[in-house]
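Protein chains in written order, with this note's numbering: chain F, 15 to 269; chain U, 193 to 516.
The beta carbon of each residue, even a glycine, is placed where N, CA and C say it ideally should be.
This one's a predicted model, so the numbers in the text were calculated from it and none came from an experiment.
Just below is one structure, and these are the notes that go with it.
What follows is the structure, encoded as structure tokens:
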């Protein structure tokens with residue numbers, strides 16, 4: 015198709031997602047529940063334990079990891095929601111429009127990014143007020159870092175959602191993909207002291223690099239360097255775009 | 193100039209051939225009806241023309257563009273009203289049209305004016321800012337028609353535009369379609385399994401069954417092919433005088449009455465009665481497209497197909513309500 019990326023159409027798709035997002039405010043709150051449990055129950059409950067980073071409490075240590083968790087859960091859930099779009103024929107209108115599949119894919123991804131950033135902004139606000147002292151620069155850097163991270167995770171969700179037939183698979187994806195990606199990311203512990211098999215899996219987990227980058231921004235220390243994290247995230251963004259656009263190319267009218 | 197030319201279009205799914213070698217030409221500005229029972233291949237055919245489904249073989253030009261090579265140009269020049277509503281429940285009518293206009297690349301400054309014009313055309317202007325989930329089935333359909341037209345398409349596809357609507361909404365949609373024909377000069381392709389709908393709206397009708405076009409003509413010509421209207425007369429009929437009339441094609445006795453086939457009973461009935469002699473009883477049965485379908489497809493577009501279709505619609509409607 016001739017125009018690869020139609021920015022006007024991306025904007026229109028994003029506008030739709032934004033409107034719906036703000037109309038379903040309960041979703042914004044619901045998605046923060048598990049992360050807040052980790053922060054305030056596990057984070058505080060383990061307060062007696064030693065924090066891997068000197069000068070920070072365990073609760074402060076896991077805060078960047080919990081931010082990555084918010085991005086992960088928001089973006090995957092959003093991506094999988096495309097199954098609803100498919101089932102309810104809404105997608106027909108968009109599939110029939112004179113826009114390329116790449117445009118549709120990027121428009122949908124942009125919607126997921128918007129959702130993740132709103133959730134992250136709320137979490138950072140709670141964190142900065144109650145948990146960890148953050149400068150304005152750190153807040154802005156952390157939010158900026160959440161953009162590519164949510165992009166790659168949304169892409170994963172959309173890719174899986176485009177291939178799934180029903181919402182029943184949702185629980186499976188959460189159990190077999192989302193939670194493992196969270197636990198193997200080092201969000202709750204230091205990779206340097208973790209068992210070798212955990213580290214081995216973590217290297218292949220995009221969330222690992224997101225946690226690490228956010229930890230470097232907020233705590234000033236990480237497992238990899240910031241450049242390694244950025245390079246890995248960039249690679250995952252690129253790969254997930256290619257795979258996702260291909261999956262969207264196969265999306266057809268069901269009948 | 194032709195709006196659509198198809199050349200031996202075929203769509204085969206694993207076990208069924210949904211469209212089996214369709215070649216036709218649709219003229220610019222006409223209302224073209226695709227009439228056939230459920231599963232005849234109507235929706236598959238227009239899905240291919242709208243570049244939503246890739247043909248197994250064959251090709252078509254729509255608004256001057258090849259459906260395989262220039263799908264975006266085809267899409268820009270057509271509007272589609274789907275069989276199952278696809279307007280976005282979570283948005284208002286105005287937002288639905290705005291989104292659509294942006295997706296179709298309309299200049300931004302023209303959009304608000306066009307939204308107003310279209311919503312007024314389908315009588316939804318006073319409900320422009322209501323959420324679509326509060327709309328009735330008929331209103332949704334009208335909104336879809338407005339959406340299908342807002343980007344000024346040269347060709348409008350209407351897939352079963354009145355499926356599942358109550359009679360009053362159906363009449364309203366019909367009158368909108370007739371207005372469109374007058375005011376927009378767009379070519380309209382309409383699929384339906386309602387005979388009355390095809391008869392009232394279409395300039396030409398293709399009868400499609402099992403993926404093949406079996407007959408294509410104006411509604412009047414199709415009915416003439418069946419042999420015209422039937423007039424039953426009882427009384428002392430002057431057989432020779434009736435047979436001499438130019439519009440009488442056949443005449444036979446049936447159950448004590450004369451069964452006379454004539455063309456265009458509206459224009460010729462009076463002349464027949466004048467020539468007929470002493471008439472005690474008259475019954476006129478106009479040929480309907482049902483008879484046409486029966487003759488050419490060897491089967492009726494059965495009620496059972498219609499029920500099935502509405503069952504599907506209801507399941508979708510039920511589905512819809514499960515969404516939060």
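- No Cβ-Cβ contact shorter than 8 Å links residue 68(F) with residue 232(F).
- The beta carbon of residue 428(U) lies closer than 6 Å to those of 469 and 470 in the same chain, with the five residues before and after it left out.
- By a beta-carbon distance limit of 8 Å, residue 135(F) does not contact residue 227(F). Their separation comes to about 17 Å.
- Looking at the DSSP output, residue 443(U) shares a beta bridge with 452(U).
- Residue-level contact by beta carbon fails for residue 352(U) and chain F, as no gap is shorter than 8 Å.
- Taking all protein chains shown into account, residue 217(F) has fewer than 16 neighbouring C-beta atoms within 10 Å of its C-beta and is therefore exposed.
- 195(U) is the residue among 273(U), 195(U) and 202(U) whose C-alpha sits nearest the C-alpha of residue 253(U).
- Residues of the segment 22-51 of chain F with a Cβ closer than 9 Å to any Cβ of chain U, in chain order: 22, 23, 25, 26, 27, 29, 30, 33, 34, 37 and 38.
- Bridge partners of residue 253(U) according to DSSP: 197(U) and 258(U).
- Beta-bridge analysis with DSSP links residue 47(F) to no other residue.
- In the DSSP secondary-structure assignment, residue 218(U) is bridged to 196(U).
- Listed along chain U are 295, each with a C-beta nearer than 7 Å to that of residue 113(F).
- In the three-state reduction of the DSSP assignment, residue 145(F) falls in the coil class, being assigned neither a helical nor a strand state.
- In the three-state reduction of the DSSP assignment, residue 407(U) falls in the strand class.
- Cβ contact annotation for residue 204(F) (same chain, cutoff 6 Å, sequence separation greater than five): 66, in chain order.
- Contact of residue 439(U) with chain F by beta-carbon distance below 9 Å is absent, the smallest such distance being about 46 Å.
- Under the 8 Å criterion on CB atoms, residue 285(U) is classed as non-interfacial with respect to chain F.
- Taking a Cβ-Cβ cut-off of 9 Å, the neighbours of residue 274(U) in chain F comprise 103, 106, 107 and 110, given in sequence order.
- Taken in chain order, the whole alpha helix (DSSP H) runs of length 4 or more contained in the segment 326-361 of chain U are 329-341.
- Using a 10 angstroms sphere on the CB of residue 235(U), the tally of other CB atoms reaches 16 or more, which defines it as buried.
- At least one CB of chain F lies nearer than 8 Å to the CB of residue 278(U).
- DSSP places residue 401(U) in the strand class (E or B) of the three-state scheme.
- At the C-beta level, residue 225(U) and residue 338(U) stay beyond 8 Å of one another.
- Flagged as an interface residue toward chain F: residue 267(U), by a C-beta distance shorter than 8 Å.
- With fewer than 16 other Cβ atoms from the protein chains shown falling within 10 Å of its own Cβ, residue 190(F) counts as exposed.
- When DSSP states are grouped into helix, strand and coil, residue 433(U) belongs to the helix group.
- Within the same chain, Cβ atoms closer than 7 Å to the Cβ of residue 219(U) are found at 194 and 195, the five residues on either side in sequence being excluded.
- Note on residue 478(U): under 16 other CB atoms within 10 angstroms of its CB, so exposed under the neighbour-count rule.
- Within the segment 85-132 of chain F, the complete alpha helix (DSSP H) segments at least 4 residues long are 96-101 and 104-109, listed from N- to C-terminus.
- Per the C-alpha coordinates, the member of 224(F), 249(F) and 147(F) positioned closest to residue 237(F) is 224(F).
- Sequence-distant partners of residue 288(U) (beyond 5 residues in either direction) whose C-beta falls short of 8 Å from its own C-beta, in its chain, are 279, 280, 324, 335 and 339.
- For residue 242(U), the C-beta contacts it makes with chain F under 9 Å involve 110, in order along the chain.
- Counted as a single uninterrupted DSSP element, the alpha helix (DSSP H) harbouring residue 242(F) occupies residues 240-263.
- When C-beta distances to chain F are compared with 9 Å, the residues of the segment 288-321 of chain U below that value are 288, 290, 291, 292, 293, 294, 295, 296, 297 and 300, in chain order.
- Taking a Cβ-Cβ cut-off of 8 Å, residue 348(U) has no neighbours in chain F, whose nearest Cβ is about 13 Å from it.
- The C-alpha of residue 221(U) lies about 12 Å from the C-alpha of residue 255(U).
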